[in-house]
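Residue numbers (our numbering), protein chains in the order written: chain P, 1 to 349; chain X, 350 to 698. All C-beta atoms, glycine included, are put in the ideal place defined by N, C-alpha and C. Report on the structure given below.
Protein chains: 2
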Amino acid sequence: MKISELGEFGLIGRIAGILGPAPADVVVGIGDDVAVLHVGGSEHLLATCDIQVEGVHFRQDATTPRQLGRKVAAINVSDIAAMGGTPRWALVSLALPDDTAVAFVDELYKGLEEQLRWAGAAVVGGNCSRASGEMMIDLCLLGSVQPDCMILRKGARVGDSVLVTGTLGDSRAGLELILAPLGEVSEAARRAVTERHLTPRPRLKEGQILGASGMVHAMADVSDGLMSDLGHICRAGNVGAEIWMERVPVSEACLEIAKGSGVDPLTWALAGGEDYELLFTVDSRHVASVADAVWRQTGITCTEVGRILSPEEGIRAVHPDGRCLDFTARAGGWDHFARGGNEKRGMKT
Amino acid sequence: MKISELGEFGLIGRIAGILGPAPADVVVGIGDDVAVLHVGGSEHLLATCDIQVEGVHFRQDATTPRQLGRKVAAINVSDIAAMGGTPRWALVSLALPDDTAVAFVDELYKGLEEQLRWAGAAVVGGNCSRASGEMMIDLCLLGSVQPDCMILRKGARVGDSVLVTGTLGDSRAGLELILAPLGEVSEAARRAVTERHLTPRPRLKEGQILGASGMVHAMADVSDGLMSDLGHICRAGNVGAEIWMERVPVSEACLEIAKGSGVDPLTWALAGGEDYELLFTVDSRHVASVADAVWRQTGITCTEVGRILSPEEGIRAVHPDGRCLDFTARAGGWDHFARGGNEKRGMKT
């Protein structure tokens, strides 16, 4: 059997079975976006890694090396942010063809450094290897979190409100523009969505505020797409959920690009992925106070987009006219290896 | 300018310049094999990563996935061992072609798990991505070390004896056999050297004994080759060194393969690499007691193979007949990107 037939969660299940139970010093192991480790101090250590493969995650003709450096740092910072944590140290693994320009490496590291410094972290090591084919950048990011501020994927409760920071769909709109440029789009919209795709801004401060609020039950970043990442939260917490489509926040820029492309922008907002917003659940009574805390300190809006249901109710997106799109079967997230699935991204083990 | 023209240490220097000074909580940053981080507890955190790229570091027709898993774990364990540390947690980044067999991934993880369990560590996370071309496995290994047991590359003192554990050259002999099978070789020798190449045994216990001895001034593992890794120690400590060729320990199996191949086995022992033995320096008065401590607890022999010299004396390998091979110009190690250099391996930043 090929991994594309087994699918993502089948593969994770197999791997978890091979690896056996985690040692006692592993607070959270395989299955969340970030490993949580007990290192003996008052804070937990966080560890995550994410890879960018040429031809799969990026094309050299569509991104500058500096943007690439920023992005690979940002997607890892976003994982730490979604735990309520603080990024600290990064290790960088590069596999580069022999004929890579030194200027490319310079710019790549400038981008890494810019994004990591913004997040309070620093590159402390790594390794560099020849690539036989495409180049590849893997970043391992370590961070820390106060145990009582840590938020996991699991923990959502039936009746919780589902909230998301910022707007969704922009990154996918940017990707579409990069892959198939449109003539009739304003420069402002074009720039807004391509920047969202090429140099995402992780919601680090927002994650820390949410972690410190003591009111958030479960959280993930929107890397695979809203419905997919909601699926992760539902699977981890053994709950269902519904998303109210008309409430999903979509930017003016995304609306403009979608209109120009003849696409329903909700498609991108529900399933586009790579927005690196935060998706979280709170008791419905706390929606206003949590959203207000984030808005006051960061200027970022949190929008209530749905509700946590019992597991039997499945996972669905509800149209204002009452139609439902059922995502239950895909509750585990897009199958990154399944044929016809979302082929851009990787999956966390 | 291409990275192959700039060379390894030019590139590391550029990267270090871009990244700027390390934060205060970084005890050892870029430049050693392992980053050492202050996490607040009584022990330091160690972090290292090493990548295996298909077509560069391994070929699927020459290794089983289980061997590959063991090896990628072993080379990282070896880095932690060379600090006197204890491996704890691993993150695994995979980039796999869509048509990778599930059985391949199963076996890869079994190999990882076997070698990590042997070392007292566990896989706690990672991610899995599609590869556009060759597969790639990157392992980030975290460990811990008591600050007073930690040994760095730097610290060698003029007059120190240079010692190495076990035997050198076997891994290269194994690689040569894999690349170009010889008919007239005993099965025992063939198995011994190919196992050394495909499933190296990191000197973990030995490194911990050396770290706890309080007598070792500098240490590295022999991954690039004896003279190259000695160059790392010399560069880090601003010293020179000489290796006495006739003292370099070479196994019977390696001698047999070299004879069959018509090669001087010292070539493999001095420059072959991937032996994952430990190379370290101690005050000459402590050679016997250090070697005895390792031998009594592990059965592994430590051999005195040379001496640390003043930096002006350079780095050389001395033949019994008095001839010297000068490695000073290569004191920084083989240029992994330089044309004609050792193209199998990567470099640490």
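For residue j and residue i, the rounded distance between their alpha carbons
i         : j         : result
Gly469(X) : Val405(X) : 29 Å
Arg438(X) : Asp25(P)  : Note that residue 438(X) corresponds to Trp in the displayed sequence, not to Arg. Distance between the alpha carbons of Trp438(X) and Asp25(P): 9 Å.
Gly356(X) : Gly589(X) : 21 Å
Gly183(P) : Ile75(P)  : 30 Å
Phe9(P)   : His635(X) : 55 Å
Trp617(X) : Pro370(X) : 38 Å
Leu379(X) : Ser78(P)  : Per the sequence presented here, residue 379(X) reads as Ile, with Leu not at that position. Between Ile379(X) and Ser78(P), the C-alpha separation is close to 24 Å.
Asp497(X) : Gly111(P) : 36 Å
Asp675(X) : Ala640(X) : 28 Å
Arg688(X) : Val612(X) : Low local confidence applies: a pLDDT of 38 at Arg688(X) is under 50, so the model's placement there is unreliable, with the coordinate-based value given in what follows. Those two C-alpha atoms are separated by around 23 Å.
Glu195(P) : Gly174(P) : 7 Å
Ala569(X) : Glu354(X) : 26 Å
Ile3(P)   : Leu457(X) : 13 Å
Leu417(X) : Gln208(P) : 39 Å
Gly299(P) : Thr199(P) : 19 Å
Ala171(P) : Gly225(P) : Rather than Ala, the amino acid found at residue 171(P) in this sequence is Ser. Ser171(P) and Gly225(P): Cα-Cα distance of roughly 10 Å.
Arg153(P) : Ala678(X) : 53 Å
Leu230(P) : Val193(P) : 23 Å
C-beta neighbour in chain P for residue i, strict 9 Å
i         : result
Arg479(X) : yes
Glu403(X) : yes
Met432(X) : no
Gly689(X) : Unreliable positioning characterises Gly689(X) in this predicted model, as indicated by a pLDDT of 37, which lies under 50. The coordinate reading is nonetheless provided below. So no, Gly689(X) is outside the interface.
Arg694(X) : Bear in mind that the predicted position of Arg694(X) carries a pLDDT of just 43, short of 50, making it too unreliable to give a figure here.
Asn476(X) : yes
His406(X) : yes
Phe686(X) : A caution first: Phe686(X) carries a pLDDT of 45, below 50, which makes its placement in the model unreliable, though a value can still be read off. Yes, because at least one Cβ of chain P sits closer than 9 Å to the Cβ of Phe686(X).
Cys498(X) : no
Ile657(X) : no
Met485(X) : yes
Ser493(X) : yes
Ala569(X) : no
Ile527(X) : no
Ile367(X) : yes
Gly482(X) : yes
Asp399(X) : yes
Pro372(X) : yes
Cys651(X) : no
Asp578(X) : no
Glu661(X) : no
Gly300(X) : Only positions 350 to 698 of chain X appear in the structure, and residue 300(X) is not among them; the question remains open.
Proximity test, residue i beta-carbon vs the ligand GDP heavy atom, cut-off 8 Å
i         : result
Val405(X) : In the structure shown, the ligand GDP is absent, as is every other ligand, since no ligand is present at all.
Below-9 Å beta-carbon distance, residue i vs any chain X residue
i         : result
Tyr109(P) : yes
Gly322(P) : no
Trp89(P)  : yes
Arg296(P) : no
Leu204(P) : no
Gly41(P)  : yes
Gly273(P) : no
Ile15(P)  : yes
Leu11(P)  : yes
Lys2(P)   : yes
Thr165(P) : no
Ile233(P) : no
Glu8(P)   : yes
Cys254(P) : no
Ala329(P) : no
Asp283(P) : no
Glu187(P) : no
Environment of residue i [buried if 16+ CB atoms lie within 10 Å]
i         : result
Ala189(P) : buried
Ser535(X) : exposed
Arg296(P) : exposed
Ala82(P)  : buried
Gly17(P)  : exposed
Ala680(X) : Note on Ala680(X): pLDDT 40, under 50, position unreliable in the model; no value is reported.
Glu312(P) : exposed
Cys324(P) : exposed
*Unbroken stretches of the beta strand (DSSP E), 3 residues or longer, contained in the region 78 to 140 of chain P*: 86 to 96, 122 to 130
_Contact between the region 132 to 147 of chain P and the region 272 to 286 of chain P is defined here as three or more beta-carbon pairs at a separation below 8 Å; is this criterion met?_
Counting C-beta pairs closer than 8 Å gives fewer than three between the region 132 to 147 of chain P and the region 272 to 286 of chain P, which falls short of the contact rule.
*Are three or more beta carbon pairs between the region 10 to 23 of chain P and the region 124 to 137 of chain P nearer than 8 Å?*
no
*For the region 589 to 604 of chain X against the region 654 to 669 of chain X, are there 3 or more C-beta pairs whose distance is under 8 Å?*
yes
*What residue ranges within the region 265 to 304 of chain P form continuous beta strand (DSSP E) runs of no fewer than 3 residues, ordered along the chain?*
278 to 282
*What residues in the region 62 to 83 of chain P bring their beta carbon closer than 9 Å to a beta carbon of chain C?*
The chain labelled as chain C is not found among the protein chains of the depicted structure, namely P and X.
_For the pair the region 162 to 173 of chain P and the region 39 to 55 of chain P, tell me if three or more CB-CB distances fall below 8 Å._
no
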